[in-house]
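Asks: With our numbering applied, the sequence shown corresponds to residues 197 to 332, in that order.
Each residue gets a CB set at the ideal place from its N, CA and C atoms; glycine is no exception.
Dumping the structure here so I can ask a few things about it.
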Amino acid sequence: MYIGSTRISTNGKLGRNLRKLIKKRKYREMATIDPDFADKLEVTSTHPEWGYKIWGEYNPPMKLSIHGHRVAVDFDICIGDGACVDVCPEDVFEWVEFEGHPASTKKAAPAREDDCIECLACEDDCPVVAIKIIPM
Ligand code: SF4
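Pasting the structure below:
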């Protein structure tokens with residue numbers, strides 16, 4: 197990649213951080229997960245298979261709200277980028293399909309959030325800031 201006339205390697209840790217920064221700049225005008233969502237929203241249901249909490253209005257496919265109580269993912273913001281799935285050392289996430297959602301048709305669900313070790317890598321890498329880790 198070039199910045200001006202200077203060639204910058206996108207390999208290694210520096211390159212990874214640079215790619216993250218570029219992605220975040222691209223999406224910086226978009227809404228991000230509300231860090232205080234748990235004080236503002238009611239728990240409206242629990243996931244039938246994985247048991248995590250779902251907060252606020254859930255009316256698929258258009259309104260999906262926030263999923264998870266330790267690893268909270270705002271499904272209305274998630275663009276299905278997959279950075280969290282790739283970076284998670286504990287394999288917390290599972291893809292779920294939501295045909296017709298305007299942001300993306302697949303979302304990273306915190307299926308095994310009880311396995312989270314709070315490394316914050318997913319929070320850090322998500323280009324649209326759709327994830328909030330709630331410390332135990
Ligand atoms: S904080 Fe770390 S362990 Fe927890 S879900 Fe995110 S990437 Fe996985």
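Grouping DSSP H, G and I as helix and E and B as strand, with all else coil, what is A234?
Replies: DSSP places A234 in helix when its eight states are reduced to three.
Asks: Which term fits I273, buried or exposed, when burial requires 16 or more other beta carbons within 10 angstroms of its beta carbon?
Replies: The residue in question, I273, is buried, as its Cβ has 16 or more Cβ neighbours within 10 Å.
Asks: Cβ-heavy atom distance between P306 and ligand 1 below 8 Å?
Replies: Yes - ligand 1 has a heavy atom lying nearer than 8 Å to the Cβ of P306.
Asks: My guess is that V283 and D321 are in contact by the Cβ rule of under 8 Å, so how many angstroms apart are they, rounded?
Replies: That belief holds up - the Cβ atoms of V283 and D321 are roughly 5 Å apart, short of 8 Å.
Asks: Hey, K290 and W246: beta-carbon distance below 9 Å or not?
Replies: Going by the sequence as given, residue 290 is Glu instead of Lys. Yes; because the gap between Cβ atoms is below 9 Å, this pair is in contact.
Asks: Given the structure, does I327 come close to ligand 1, in the sense that its CB is under 8 Å from one of the ligand's heavy atoms?
Replies: Because some heavy atom of ligand 1 lies under 8 Å away, the Cβ of I327 counts as near it: yes.
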